[in-house]
Each structure stands twice: as structure tokens, then as C-alpha cells.
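At position 95 of the sequence shown (counting the first as 1) the number is 95 in the working numbering, and the numbers step up by one without a gap. Report on one structure; see the data block that follows.
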Amino acid sequence: MIRAIVAVDKKWGIGKKNDLLFNLPLDMKFFRGKTLGFTVCMGYNTLLSFPNAKPLPKRKNIVLCPEGIERDDAVMVHSLEDMLAKIKAEEDVFIIGGAMFYKTMLCYCDEVLVTKVDADGGAEVFYENLDEHPDFDCVYESETFETNGYNIKFTTYKNQNVKRI
1 MIRAIVAVDK KWGIGKKNDL LFNLPLDMKF FRGKTLGFTV CMGYNTLLSF
51 PNAKPLPKRK NIVLCPEGIE RDDAVMVHSL EDMLAKIKAE EDVFIIGGAM
101 FYKTMLCYCD EVLVTKVDAD GGAEVFYENL DEHPDFDCVY ESETFETNGY
151 NIKFTTYKNQ NVKRI
């Protein structure tokens, strides 16, 4: 199964200056709990945004890097076709960013796990508004939780028209 996992503000904003919009400990715990032990796929700038530009521990990290950069600490692929071939061989995959990678991979996602933050983060980059997307239905919405001064909800969207690899 291919899932995307993302935190969005009220306007479906996801980032600013190659960083997250908010510090949300409860969302980070949720992200860790969902992705630990699985494969995470991302664009190269997302990898660079991690502490010390190191891959996420205890996960297989597959990174799309069209520039041809090689690293020993992650599986580097250099085209979308190579990425799709690697993903096809995996059982559970999480798409974790950035914006262009999310957009490219959305049609392949069976589900999208969206943490909705009830605030405007002043985003520069945005996720597609799944509430307005004809292929996606919200199938789960949690109660509201407070974390670091923000109200958040965990939601799950199912893709009714998944493009199979």
C-alpha cells in the first residue's frame, strides 16, 4: 500500500523555507508511529531538511534525486520510473515530501494521512486540498487534540481512483 503522510495548515500549506510550518510534538509522535519500520520516499530537498541531512532512522529511505547524487545512507534513485520500480517492490510505503514529490505521487496513493492544524502557518508551498479533490474521500477524522499551543485533527483520505504502478 502506498500512503502519503502530511501535516497541513488551514489553507493546506505544508512548508516555508524548506522547513515545516509548526513544531507539533503530537504529530511527530504520530508520524514516527506510522512510519517506523517501513519505507519512506521523498525528494532530495526533503532529505536535506532533516537534522544533519541524515535519513530517518529505522526506516528504509528512498530518495528521488534527478541530479544523480549518490549516497551510502539511503537508496538514491534518479528518475520517477526508477522510484516507481523501487516502490513496487515494497509492501508498505509512505510518501513524506516535499511539495513537488507529493504532487507527483498523489495519484499513486491509496490513502493520505493528513494532520490538520487549525492555524495559518504562512506557507510558501501547499498540498492539494483533498476536500475538493474528486478522487479522495475523507473516511476518518479524529477528535481535536492540543499540541504546543495548536489544535490538530488526524484525518484519513482514501483515493477512489488509484493509479496502479
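Even for Gly, the Cβ is constructed at its ideal location relative to N, Cα and C.
Find out if the Cβ-Cβ distance for the pair residue i, residue j is shorter than 8 Å.
i      : j      : result
Ala119 : Gly15  : no
Gly13  : Phe126 : yes
Glu81  : Thr39  : no
Val75  : Tyr44  : no
In angstroms with no decimal places, state the Cα-to-Cα distance between residue i and residue j.
i      : j      : result
Val6   : Asn61  : 17 Å
Met83  : Gln160 : 23 Å
Leu186 : Val93  : Not covered by the structure: residue 186. The range shown for the chain is 1 to 165.
Gly37  : Ala4   : 16 Å
Asp19  : Arg32  : 18 Å
Asn129 : Lys88  : 26 Å
Asp137 : Lys158 : 5 Å
Using the Cβ count rule (16 or more neighbours within 10 Å means buried), how would you classify residue i?
i      : result
Thr144 : exposed
Asp27  : buried
Lys181 : Coverage of the chain is limited to positions 1 through 165, which leaves residue 181 absent and any answer about it impossible.
Where DSSP assigns a beta bridge to residue i, which residues make up the other side?
i      : result
Cys138 : Tyr157
Val166 : Residue 166 is absent from the structure shown; the chain starts at 1 and stops at 165.
Thr147 : Tyr150
message = List, from N- to C-terminal side, the beta strand (DSSP E) runs of 3 residues or more that fit wholly inside the stretch 73 to 128.
response = 75 to 77, 93 to 95, 111 to 117
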